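K.L.:
Here it is: the structure, laid out below.
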Amino acid sequence: MQYAISILLSGVSLGGQYALIAIGYTMVYGILRLINFAHGDVFMVAGLMMVYLTASLPLAASIPLVLVLTVLLGFIIERAAYKPLREAPRMSVMISAIGVSYLLQNLATYVTGGLPKMYPEIPGISNTITIAGAPTKVVTIVTPILVLALVAALTQLIHHTKVGMAMRAVAKDFETAQLMGIKINAVISATFVIGSFLAAVGSVLYFTNYQSIVPLSGALPGLRAFVAAVFGGIGSIPGAVVGAFIIGLSESVIKGSSWSIFSDAFTFALLIIILVVKPTGLFGEKVTDKV
Amino acid sequence: MKKTVSKSAWATLLCVAALLALVVILENVLDPNKNIMVFTALKKGAVYALVAVSMNLLNGFTGLFSLGQAGFMLLGAYTYAILTIPVAQRDAVYYIYNGSAINFSLPELFGGGAFGLVLGVVLALALGGCVAAAVAWLIGLPVLRLKSDYLAIATLGFGEIIRAVFQWDKLGPVTNGANALKNFPTFSSFNITNGSGETVLRLSTFTAFLLAGACIAVIVLLINSTYGRAFKAIRDDEVAAEAMGINLSKHKRLAFVISSFFAGVGGGMFAMFANQAQAKTFTTAMTYEILLIVVIGGIGSVSGSCIAAFLYVAASEWWLRFLDAETFIGGFKVPLLRNGFRMVVFSVVIMIVVLFFRRGIMGDKELPDLLEKRRKERAK
Amino acid sequence: MKKFFATLLALAMALSLAACGGGSGGAQPSGGSGSGGDKVVKIGVFEPATGDSGAGGKQEMLGMQYANKETPTVVIGGETYSVELVYADNASSADKAPTAASQLVSQDVSLVLGTYGSGCAIAGGPVFGEAGLAAIGVTCTNPGVTAGNDYYFRICFLDPFQGTILANFASEKFSAKKAYLLGELGNDYDQGLLNYFEQAFEGEVVKDSFPPNTSDFSTYLNKAVAEGADVIFCPVSIAYSTQIVKLAASMNLDIAILGSDTLDNNKVLDAAKGSNVKLYVSTFYQEGGSPEFDEGIKAWLAEDSTAMTNNGGDDTIAAVTAMGYDAYYVALEALKAAGSTDKAAVKAALPSLQYTGVSGAIAFDDVGDAIRDTAYIKTADNAAGAWTLETVQTAK
Chain B
791 MQYAISILLS GVSLGGQYAL IAIGYTMVYG ILRLINFAHG DVFMVAGLMM
841 VYLTASLPLA ASIPLVLVLT VLLGFIIERA AYKPLREAPR MSVMISAIGV
891 SYLLQNLATY VTGGLPKMYP EIPGISNTIT IAGAPTKVVT IVTPILVLAL
941 VAALTQLIHH TKVGMAMRAV AKDFETAQLM GIKINAVISA TFVIGSFLAA
991 VGSVLYFTNY QSIVPLSGAL PGLRAFVAAV FGGIGSIPGA VVGAFIIGLS
1041 ESVIKGSSWS IFSDAFTFAL LIIILVVKPT GLFGEKVTDK V
Chain Z
-9 MKKTVSKSAW ATLLCVAALL ALVVILENVL DPNKNIMVFT ALKKGAVYAL
41 VAVSMNLLNG FTGLFSLGQA GFMLLGAYTY AILTIPVAQR DAVYYIYNGS
91 AINFSLPELF GGGAFGLVLG VVLALALGGC VAAAVAWLIG LPVLRLKSDY
141 LAIATLGFGE IIRAVFQWDK LGPVTNGANA LKNFPTFSSF NITNGSGETV
191 LRLSTFTAFL LAGACIAVIV LLINSTYGRA FKAIRDDEVA AEAMGINLSK
241 HKRLAFVISS FFAGVGGGMF AMFANQAQAK TFTTAMTYEI LLIVVIGGIG
291 SVSGSCIAAF LYVAASEWWL RFLDAETFIG GFKVPLLRNG FRMVVFSVVI
341 MIVVLFFRRG IMGDKELPDL LEKRRKERAK
Chain U
159 MKKFFATLLA LAMALSLAAC GGGSGGAQPS GGSGSGGDKV VKIGVFEPAT
209 GDSGAGGKQE MLGMQYANKE TPTVVIGGET YSVELVYADN ASSADKAPTA
259 ASQLVSQDVS LVLGTYGSGC AIAGGPVFGE AGLAAIGVTC TNPGVTAGND
309 YYFRICFLDP FQGTILANFA SEKFSAKKAY LLGELGNDYD QGLLNYFEQA
359 FEGEVVKDSF PPNTSDFSTY LNKAVAEGAD VIFCPVSIAY STQIVKLAAS
409 MNLDIAILGS DTLDNNKVLD AAKGSNVKLY VSTFYQEGGS PEFDEGIKAW
459 LAEDSTAMTN NGGDDTIAAV TAMGYDAYYV ALEALKAAGS TDKAAVKAAL
509 PSLQYTGVSG AIAFDDVGDA IRDTAYIKTA DNAAGAWTLE TVQTAK
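Residue numbers (our numbering), protein chains in the order written: chain B, 791 to 1081; chain Z, -9 to 370; chain U, 159 to 554.
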């Protein structure tokens, strides 16, 4: 029983963290039709920045600073690496994303010297509590609540503000939106800002739980979150969240079973099955090709 | 028109033959130890060139965005290794599993010696390709119905699944689990030695070039055939191609299977280069490396992929290596230089190429095209 | 456009020339002091400085660098040579190892030391073999490194030995009836040790593997608790072990964690500090084994900030550092015994070599493996943040 609860807890907390990254993937894809491969690495860089900032600054100052810097990083990446390729074929942009991811990983290796870095303890959410006999950190409980709150706020933003409306319009039809006088670049930047902000929040939650950071730390959560986004129907925010929780829980359950070595493989098998059965994911919109 | 085509084909063939001859001469004239970097880079470049061209066939010529290349290489590498490890070595290689479940070795089946080696290695490579192709056919059934990015993700996932399966403990007697397969014939086995074990004729780099060259030649022939034109039509406009009577699913599957076949052969050659086959080397990062080569060379250019493969390997693992060493010029310590800097510089170079030279080195042109154009300009 | 590519190509050529120049002249020893003669003998250092074994590789190199600083010259055949260390980073990856190995061959080194991580040693080994260059493995414990390769030697114990020792220790110390084994999927080092542990362990085992780049180990540790395991054996690389130990600390895990030589690292010790984690590791060297060496290297770490960073920010001496130190002296002995810098002579001198270093006596058997029958088992003193010697285990 205690074991079952601990698996459930771990699944829910993983799901929440994946959800925060997955929203970034899904929003960017919704608007640019771009798989932003660098997103997982932005997440990792946010974690590393925290490590370096807390070395000289108090926690209360470093957390907001990390959020701001990560947002800035996301913005710069978009302007430097994706904007010049707006008219290029989609594959070029995707490759540019892979290039950025490669660059961020190599930079992190260079700066850290390849040594694992320890994420600082954050008072309050780093503490250990026991739920029904299963020990866990407070952050495990905080994560899903925070995720739901952020998603609710994001949905409000998208449905009831001007920027949100512009985002929906651009996602629906890029060119028409442009013709209607929407400033495409501003909207895209806003998307990246929101995505990076959520990734930074996700990194605080994730690395508080799993404290050691290496340059490849972002790769696996990034990939999983992306799978979650596709699973839930890429472009759809509720889909990404539902997908993330499903992926997180199933990962945790598989790890707990005797088939644990296939936990990665299972995630991808699930993805392939859903893509074949329902190619646009759980909540994805059906797109018809115009000839 | 027809005459010029055959003329340029002859010229290309001649150039390739000259290149192979040059490789043999260089390999036997230059000191093998002092210049080992040249030959290592050339060997790895040849292997990567083949894999990059096979990926280009899919991504550049057919317009199917697949990221499963490392998975197919893994299949080829393991098939090659399992079929060619000498029987006497099997207990040592599979030491954890007390010997292998498969107890024959192709080169030995063909009677050993030089003849057995050549035949065994070629057959094992081809079988490696066939295994990759067969698996590609199977997963192509569901996966090829997906479009662009979704296809990319599904094939990427497939690569991860394959890797986990090959690392599975229960399959240990066949795949050796997490341990590397080794002691099989490598490129160096093709060096000819005399009775006392001294090398009299070095053919290792030549072998890599010959194998890669032959495979690439087949791909080029395919691209220039009716099938190749159909592939390009699908790339340019799927709907229009279908309207012209091209069977989409059949041609897509064909391109996927053929590309995987050559990726499998390339995987076997990669094992020959690396002296071992281990599932953990065939990661997504490897697929990305190959994809970058394709892009740098120019999507849709075979010669571009080849040139880029050599440049990529040489730059990342050889030319830029000095950036990793702390260097002193006189008493002055050059700033920034330390471990890891090489890869930072390298990734910046890649970003520059991707952003500012979007069409890569060759665009979608081939080397002969460029020469032709120059000649025409001069004629004017 | 075309002109640009011409420039690009020219640039590439220039770079390649620079690389050749840099290769032969650029890698000066950073110590620099006290050069003995004009003659230079080069020793190749084939170690990962990046990738997942980067941290361990750096600590191993520290031992060599310190030894090189301590003894920068060697007398070979009556002449004094200054020793130059030539580095090649194999990036902890088997597909980059052959090129790194080739790099060392091309720079005309007399012999090679390394590498941390058996996978890279196995991939690089044939390159050395083909070039007739002897390599001395420092801490690569997989049997496959030296088996079938005449040119690879090693000065550390092997995985079958280490696995057996730890299994015996688990039975003796904890009277363990059930062990939970955890390793990285597809990592030959982890899986090999798990296998040997399983063979030697008399009780029941539960075996698990996690996929590469995993950070969430809570399910695995909870499974160990649920299965009622008496010990957890996780011979995983440094990044994973810090994660596991940290998690165990926050869960207040009561089960003892056994680790192999990779866990003997300051970062792991750091993770356990101030908690109730029971951490035991088997290793090659225990601080205090040679007070002279301990003091010397600590003083060096204190004055060289780069070295300190590479050691993980404090001056706890990792066993791999001591092994790197010994390896350097074994290399010098080999050069002396050979009486020349010729690599064939060095290779011929190695099998009969005997040397007593800080980590114990070193001699090679027919395969090229060190004849060793002792391993130290240390435990983490979580209050002080240091290792204390638990027991010395010998093979039965």
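In this text, a Cβ means the ideal position worked out from N, Cα and C, and glycines have one as well.
It should be emphasised that the depicted structure is a prediction, and the values quoted were computed from it without experimental measurement.
Which value, in whole angstroms, describes the spacing of the CA atoms of Ala1055 of chain B and Leu897 of chain B?
P.N.:
By 1-based counting over the first sequence, the position of residue 1055 of chain B is 265. By 1-based counting over the first sequence, the position of residue 897 of chain B is 107. Straight-line Cα distance between these residues: approximately 29 Å.
K.L.:
When the cut-off is 7 Å and only beta carbons count, does Gln59 of chain Z lie next to chain U?
P.N.:
Residue 59 of chain Z sits at position 69 when you count from the first residue of the second sequence. Not one chain U Cβ lies under 7 Å of Gln59 of chain Z.
K.L.:
Check each residue of the segment 1012 to 1024 of chain B: if its Cβ is closer than 7 Å to any Cβ of chain Z, include it; give the result in chain order.
P.N.:
Of all residues in the segment 1012 to 1024 of chain B, Val1020 have a Cβ within less than 7 Å of some Cβ in chain Z.
K.L.:
Taking the alpha helix (DSSP H) that Phe204 of chain U falls in, what are its first and last residues?
P.N.:
Here residue 204 of chain U is taken as the residue at index 46 of the third sequence, counted from 1. Not the alpha helix (DSSP H): Phe204 of chain U falls in the beta strand (DSSP E), residues 197 to 205.
K.L.:
Can you list, in chain order, the residues of its chain whose CB lies under 8 Å from that of Val335 of chain Z, leaving out five sequence neighbours each side?
P.N.:
Counting from one through the second sequence, the residue named residue 335 of chain Z turns up at place 345. Cβ within range, chain order: Leu310, Leu313.
K.L.:
At least one CB of chain B closer than 7 Å to the CB of Asp539 of chain U: is that the case?
P.N.:
Against the third sequence, residue 539 of chain U aligns to sequence position 381. By this cut-off, Asp539 of chain U is not an interface position.
K.L.:
Give the straight-line distance between the Cα atoms of Asn184 of chain Z and Leu96 of chain Z, rounded to the nearest whole angstrom.
P.N.:
Start at 1 with the first residue of the second sequence, and residue 184 of chain Z comes out as number 194. Start at 1 with the first residue of the second sequence, and residue 96 of chain Z comes out as number 106. Near 24 Å, if we compare the C-alpha coordinates of Leu96 of chain Z and Asn184 of chain Z.
K.L.:
Counting contacts by CB-CB distance shorter than 7 Å, is Gln349 of chain U in contact with chain Z?
P.N.:
As a working note, residue 349 of chain U is residue 191 in the third sequence. At least one chain Z Cβ lies under 7 Å of Gln349 of chain U.
K.L.:
Listed from N- to C-terminal order along the chain, which residues in the segment 277 to 295 of chain U have their beta-carbon within a distance smaller than 7 Å of any beta-carbon of chain Z?
P.N.:
So the close ones are Gly277, Ile280, Ala281, Pro284, Glu288, Ala289.
K.L.:
Give me the residue from Z:Leu10, Z:Val13, Z:Ala78, Z:Tyr38 with the minimum Cα distance to Met276 of chain Z.
P.N.:
Within the second sequence, the letter at position 286 stands for residue 276 of chain Z. Checked all of Z:Leu10, Z:Val13, Z:Ala78, Z:Tyr38; the closest Cα to Met276 of chain Z is Z:Tyr38.
K.L.:
Just how far apart, CA to CA, sit Ile412 of chain U and Val435 of chain U?
P.N.:
Stepping through the third sequence from its first residue, residue 412 of chain U is reached at position 254. Stepping through the third sequence from its first residue, residue 435 of chain U is reached at position 277. Note on identity: in this sequence residue 412 of chain U is Asp, with Ile being the wrong assignment. Each residue's alpha carbon lies about 7 Å from the other.
K.L.:
Going by DSSP, which residues form a beta bridge with Trp545 of chain U?
P.N.:
Mapped onto the third sequence, residue 545 of chain U falls at position 387. According to DSSP, which records beta bridges pairwise, Trp545 of chain U is partnered with U:Ala538.
K.L.:
Residues in its own chain within less than 6 Å of Thr549 of chain U by CB, not counting five upstream and five downstream?
P.N.:
Here residue 549 of chain U is taken as the residue at index 391 of the third sequence, counted from 1. Correct list, in chain order: Ile535.
K.L.:
Which ranges would you report for the beta strand (DSSP E) in the segment 321 to 388 of chain U if only whole runs of at least 3 residues count?
P.N.:
You should have 336 to 342, 362 to 368.
K.L.:
Could you tell me if Ala185 of chain U is buried or exposed, where buried requires 16 or more neighbouring beta carbons within 10 angstroms of its beta carbon?
P.N.:
Within the third sequence, residue 185 of chain U is the residue found at index 27, counting from 1. Confidence at Ala185 of chain U is low in this model, with a pLDDT of 38, below 50, so the placement of that residue should be treated as unreliable; the coordinate-derived value is given next. Flag for Ala185 of chain U reads buried.
K.L.:
Identify every residue that forms a DSSP beta bridge with Ile1003 of chain B.
P.N.:
Walking along the first sequence from the start, residue 1003 of chain B turns up at place 213. For Ile1003 of chain B, which the question treats as bridged, DSSP gives the partners B:Lys907.
K.L.:
Compare the C-beta of Ile248 of chain Z with all C-beta atoms of chain U and state if any pair is closer than 7 Å.
P.N.:
Position 258 of the second sequence holds residue 248 of chain Z. Answer no: the Cβ-Cβ gap between Ile248 of chain Z and chain U never drops below 7 Å.
K.L.:
Just by C-beta distance, which residues in the segment 29 to 49 of chain Z are closer than 8 Å to chain B?
P.N.:
Listed by position, the residues of the segment 29 to 49 of chain Z near chain B (Cβ gap below 8 Å) are Asn49.
K.L.:
Classify Phe827 of chain B as helix, strand or coil using the three-state DSSP reduction.
P.N.:
Within the first sequence, residue 827 of chain B is the residue found at index 37, counting from 1. Coil.
K.L.:
7 Å is my cut-off, CB to CB: does Thr479 of chain U come that close to chain B?
P.N.:
Here residue 479 of chain U refers to the residue found at position 321 of the third sequence. Thr479 of chain U does not count as touching chain B.
K.L.:
Does Thr899 of chain B get closer than 7 Å to chain Z when you measure Cβ to Cβ?
P.N.:
Against the first sequence, residue 899 of chain B aligns to sequence position 109. Yes, Thr899 of chain B lies at the interface with chain Z (some Cβ there is under 7 Å from its Cβ).
K.L.:
So Tyr245 of chain U contacts chain Z; which residues on that side make the cut at Cβ distance below 7 Å?
P.N.:
Within the third sequence, residue 245 of chain U is the residue found at index 87, counting from 1. Correct list: Ala315.
K.L.:
How should Ala369 of chain Z be labelled, buried or exposed, when 16 other C-beta atoms within 10 angstroms of its C-beta is the threshold for buried?
P.N.:
In the second sequence, the residue the question calls residue 369 of chain Z occupies position 379. That one is exposed.
K.L.:
In the DSSP assignment, what are the bridge partners of Ala293 of chain U?
P.N.:
To locate residue 293 of chain U, count along the third sequence from 1; it is residue 135. Partner(s): U:Val270, U:Tyr310.
K.L.:
Whole angstroms is fine: what's the gap from Lys240 of chain Z's alpha carbon to Ala253 of chain Z's?
P.N.:
Translated into the one-based positions of the second sequence, residue 240 of chain Z becomes position 250. Translated into the one-based positions of the second sequence, residue 253 of chain Z becomes position 263. C-alpha separation (whole angstroms): 20 Å.
K.L.:
Rounded to the nearest angstrom, what separates Ser800 of chain B and Ile919 of chain B at their Cα positions?
P.N.:
The residue you call residue 800 of chain B lines up with position 10 of the first sequence. The residue you call residue 919 of chain B lines up with position 129 of the first sequence. Ser800 of chain B and Ile919 of chain B: Cα-Cα distance of roughly 14 Å.
K.L.:
Considering only their Cβ atoms, is the gap separating Asp539 of chain U from Thr552 of chain U smaller than 7 Å?
P.N.:
Counted from its first residue, the third sequence places residue 552 of chain U at position 394. Counted from its first residue, the third sequence places residue 539 of chain U at position 381. Not a contact, by the Cβ cut-off of 7 Å.
K.L.:
Closest Cβ-Cβ distance between Ala252 of chain U and chain Z: below 7 Å?
P.N.:
Mapped onto the third sequence, residue 252 of chain U falls at position 94. True, the Cβ-Cβ gap to chain Z drops below 7 Å.
K.L.:
By how many angstroms is the C-alpha of Val296 of chain U removed from the C-alpha of Thr537 of chain U?
P.N.:
In the third sequence, counting from the first residue as 1, residue 537 of chain U sits at position 379. In the third sequence, counting from the first residue as 1, residue 296 of chain U sits at position 138. If you take the alpha carbons of Thr537 of chain U and Val296 of chain U, they lie about 23 Å apart.
K.L.:
Return helix, strand or coil for Gly180 of chain U, following the three-state DSSP convention.
P.N.:
Taking the third sequence and counting its residues from 1, the one referred to as residue 180 of chain U is at position 22. For Gly180 of chain U, the predicted model reports a pLDDT of 38, less than 50, meaning its position is unreliable and no value from the coordinates is stated.
K.L.:
Would you mind sorting Phe94 of chain Z into buried or exposed? The rule is 16 or more other CB atoms within 10 Å of its CB.
P.N.:
Residue numbering aside, residue 94 of chain Z sits at position 104 when the second sequence is read from its first letter. Classification of Phe94 of chain Z: exposed, given that the 10 Å Cβ count is below 16.
K.L.:
Could you check whether the Cβ of Ser886 of chain B sits closer than 7 Å to any Cβ belonging to chain Z?
P.N.:
In the first sequence, residue 886 of chain B corresponds to position 96, counting from 1. So, interface residue.
K.L.:
Using the three-state DSSP reduction, which class does Ala168 of chain Z fall into: helix, strand or coil?
P.N.:
One-based indexing of the second sequence puts residue 168 of chain Z at position 178. Three-state result, Ala168 of chain Z: coil.
K.L.:
Do Met352 of chain Z and Gly294 of chain Z count as a contact pair if the criterion is CB distance below 7 Å?
P.N.:
Along the second sequence, one-based indexing puts residue 294 of chain Z at 304. Along the second sequence, one-based indexing puts residue 352 of chain Z at 362. Yes. Within cutoff.
K.L.:
Just checking: is the beta-carbon of Ile152 of chain Z within a distance shorter than 7 Å of some beta-carbon in chain U?
P.N.:
Taking the second sequence and counting its residues from 1, the one referred to as residue 152 of chain Z is at position 162. Answer no: the Cβ-Cβ gap between Ile152 of chain Z and chain U never drops below 7 Å.
K.L.:
Can you tell me whether Glu450 of chain U is buried or exposed, with buried defined as 16 or more other CB within 10 angstroms of its CB?
P.N.:
Numbered from 1 along the third sequence, position 292 holds the residue referred to as residue 450 of chain U. Classification for Glu450 of chain U: exposed.
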